[in-house]
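Residue numbers (the numbering used here), protein chains in the order written: chain A, 1 to 271; chain B, 1001 to 1220. Glycine is no exception: its CB is placed at the ideal position from the N, C-alpha and C atoms.
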């Protein structure tokens, strides 16, 4: 199973069942078996149904597929951290007995500790295989690592314009898996028109998107990419027949200007 | 017909405004028909005043909401040198020239509001060198209430936590619920004569310290 890449169903993904089905089918046909969703994406139910259909078509068992969802800020607030009921609902909707991974979408400080306690309980009960947190920076990571049960997965916005080197090194040191959302920074012009990326793309006979996704993998990070087009999904899955040199990786990392699309404090006040 | 419906759906505010104009014009027509010319003049004056009110209200909402633009995921404004939060002021008098900044000012903003806004917005600052500038009148240091001009900058979670749901409705009518401040905001009146001192609230200093944000505090 290709676990180096995750297909996301967030902001830029299809939202209708047929759209989700076509992209999920394309992902599985191209060897991508990991899927990411969240309540705020409104794709949990359709993703579950699409996966069920595709698994039947391809004769795949549940454990051939890897599903990750999240707990949103409103759920943390509404339940004061007792989020079990939401997990039960999503497991029902997805049509599975367990989740492969569950993340806190935005670690709202007021409700974080209670929510994390529920997460640990879900992990201990075997309902969730891995637990983690999204949108954290070094300050929170240093705090989290001292918890009795630290996160196993961290998901952050990461791309060549924002390399998050400190966070990634810290996570590697502590055995925490890092996932990158918006791995292509919605193909910002500073990336699509970058001479550095154009040169590397030409020398490797790959598109800039493929180069960036490979850069994530070669730096030890799992990119969560998305597309509405099956052809694009195929293109992005074809990145396992080459690797980048250390020099190429370094020159891509040098594009870092700490540009972020999503401001953590605006989506997670007081973070 | 479906084209008209979709046009209305896409331009809700404009459609509402046009509908209002149409109703008012119809009312004037009825007045002229039923009563006399004096009643018509009065109706026209009332209509004019109502229109001015709606127009100014819309302008105020736009001005307040425009403060949110830098925080949009599509915005190119990131890693700014200064974040100015508080009362109306002239940034040129408070920060060195040539520096990048985002200004979140509203008339008579109190320290508690400014702190809550900081909690929502500090990520726009440069992580190493970012500085937050608080501009608060002395009489508003201990005032503990939020204004309708703060609401658009707050997350839903904060609005729920602080029980500010009613304020969302009020924030749609700033000219009705806060007319003087709305005028000040629209005119962009800048207050000068701010003096520098240490921030009087410990928790704000601590918040900035934990996030490596430099804090400059101005009072008057």
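Run down chain A in chain order and give the residues with a C-beta less than 8 Å from the C-beta of residue i.
i                       : result
residue 1071 of chain B : 263 and 266
residue 1065 of chain B : Chain A residues near residue 1065 of chain B: none, gap ~14 Å exceeds 8 Å.
residue 1100 of chain B : Neighbours of residue 1100 of chain B on chain A: none; closest Cβ ~13 Å, over 8 Å.
residue 1127 of chain B : 258
Between which two residues does the alpha helix (DSSP H) holding residue i run?
i                      : result
residue 48 of chain A  : 44-58
residue 94 of chain A  : 84-94
residue 337 of chain A : The structure shown does not extend to residue 337 of chain A, since chain A spans only 1 to 271, so no value can be given for it.
residue 19 of chain A  : 17-29
residue 249 of chain A : 246-253
residue 266 of chain A : 264-267
residue 261 of chain A : Run containing residue 261 of chain A: none; DSSP gives neither H nor E here.
residue 73 of chain A  : 73-78
Between which two residues does the beta strand (DSSP E) containing residue i stretch?
i                       : result
residue 273 of chain A  : Because residue 273 of chain A is not part of the residues shown, which for chain A are 1 to 271, the question remains open.
residue 1105 of chain B : 1101-1105
residue 6 of chain A    : 6-8
Quick one: which chain A residues come within Cβ less than 7 Å of residue i?
i                       : result
residue 1097 of chain B : None at all; the shortest Cβ gap to chain A is about 23 Å.
residue 1122 of chain B : 265
residue 1119 of chain B : 265, 269 and 270
Run down chain A in chain order and give the residues with a C-beta less than 9 Å from the C-beta of residue i.
i                       : result
residue 1198 of chain B : Under the 9 Å cutoff, chain A gives no residues; its nearest Cβ is about 22 Å from residue 1198 of chain B.
residue 1147 of chain B : Within 9 Å Cβ-Cβ: nothing; residue 1147 of chain B doesn't reach chain A, min ~17 Å.
residue 1210 of chain B : 139
Taking C-beta pairs closer than 9 Å, name the residues in chain B that residue i reaches, listed in chain order.
i                      : result
residue 230 of chain A : Those within 9 Å of residue 230 of chain A in chain B number zero; the least Cβ separation is about 26 Å.
Taking residue i and residue j to be in contact with their CB atoms under 8 Å, please state how far apart those CB atoms are, rounded to whole angstroms.
i                       : j                       : result
residue 89 of chain A   : residue 233 of chain A  : Actually they are not in contact, since the Cβ atoms of residue 89 of chain A and residue 233 of chain A sit about 28 Å apart, beyond 8 Å.
residue 298 of chain A  : residue 157 of chain A  : Since the displayed chain A opens at 1 and closes at 271, residue 298 of chain A lies outside it and no answer follows.
residue 50 of chain A   : residue 20 of chain A   : 5 Å
residue 1094 of chain B : residue 1133 of chain B : 6 Å
residue 266 of chain A  : residue 1121 of chain B : 6 Å
residue 1116 of chain B : residue 1158 of chain B : 7 Å
residue 161 of chain A  : residue 191 of chain A  : 7 Å
residue 201 of chain A  : residue 211 of chain A  : 5 Å
residue 1024 of chain B : residue 1050 of chain B : 7 Å
residue 230 of chain A  : residue 26 of chain A   : 3 Å
- Unbroken beta strand (DSSP E) runs of length 3 or more, entirely within the segment 109-175 of chain A: which are they? Taken in chain order, the whole beta strand (DSSP E) runs of length 3 or more contained in the segment 109-175 of chain A are 131-134 and 153-157.
- Quick one, which residues of the segment 98-130 of chain A are near chain B if we go by CB-CB under 8 Å, in chain order? For the segment 98-130 of chain A, which is checked against every Cβ of chain B, the residues closer than 8 Å are 108 and 110.
- When Cβ atoms are compared, which residues of the segment 68-81 of chain A fall closer than 8 Å to chain B? Within the segment 68-81 of chain A, the qualifying residues are 73, 74 and 77.
- Query: Using a Cβ cut-off of 9 Å, which residues of the segment 234-264 of chain A contact any Cβ in chain B, in chain order?
  - Reply: Cβ contacts with chain B: 257, 258, 259, 260, 261, 262, 263 and 264.
- Query: Which residues, in order along the segment 1152-1183 of chain B, keep a beta-carbon less than 8 Å from a beta-carbon of chain A?
  - Reply: Residues of the segment 1152-1183 of chain B with a C-beta less than 8 Å from any C-beta of chain A: 1154, 1155, 1156, 1157, 1158, 1160 and 1161, listed in chain order.
- Message: Restricting to runs no shorter than 4 residues, where is the alpha helix (DSSP H) found entirely within the segment 1167-1217 of chain B?
- Response: Taking only runs of at least 4 residues, the alpha helix (DSSP H) segments lying wholly in the segment 1167-1217 of chain B are 1174-1177, 1179-1187 and 1202-1210.
- Query: Which residue spans inside the segment 1008-1080 of chain B form an unbroken alpha helix (DSSP H) run of at least 4?
  - Reply: Within the segment 1008-1080 of chain B, the complete alpha helix (DSSP H) runs of at least 4 residues are 1012-1034 and 1037-1066.
- Report the residues of the segment 1076-1091 of chain B with a CB closer than 9 Å to any CB of chain A, ordered along the chain. Cβ contacts with chain A come from 1076, 1078 and 1079.
- beta strand (DSSP E) segments (min. 3 residues) lying fully within the segment 1086-1172 of chain B: 1101-1105 and 1131-1136, all fully within the segment 1086-1172 of chain B.
- Item | Completely contained alpha helix (DSSP H) runs for the segment 182-232 of chain A, where each covers 4 or more residues | With a minimum length of 4 residues, the continuous alpha helix (DSSP H) runs that stay inside the segment 182-232 of chain A are 189-192, 195-204 and 208-218.
- Give, in chain order, every residue of the segment 1-25 of chain A whose Cβ lies closer than 7 Å to some Cβ of chain B. Listed in chain order, the positions of the segment 1-25 of chain A with a beta carbon within less than 7 Å of a beta carbon of chain B would be empty, since no residue qualifies.
- Query: Taking a cut of 9 Å between CB atoms, which residues from the segment 139-160 of chain A lie near chain B?
  - Reply: From the segment 139-160 of chain A, only 139 have a Cβ closer than 9 Å to chain B.
- Item | Residues of the segment 178-191 of chain A whose Cβ lies closer than 8 Å to any Cβ of chain B, in chain order | Taking 8 Å as the Cβ-Cβ cut-off against chain B, none of the residues of the segment 178-191 of chain A qualify.
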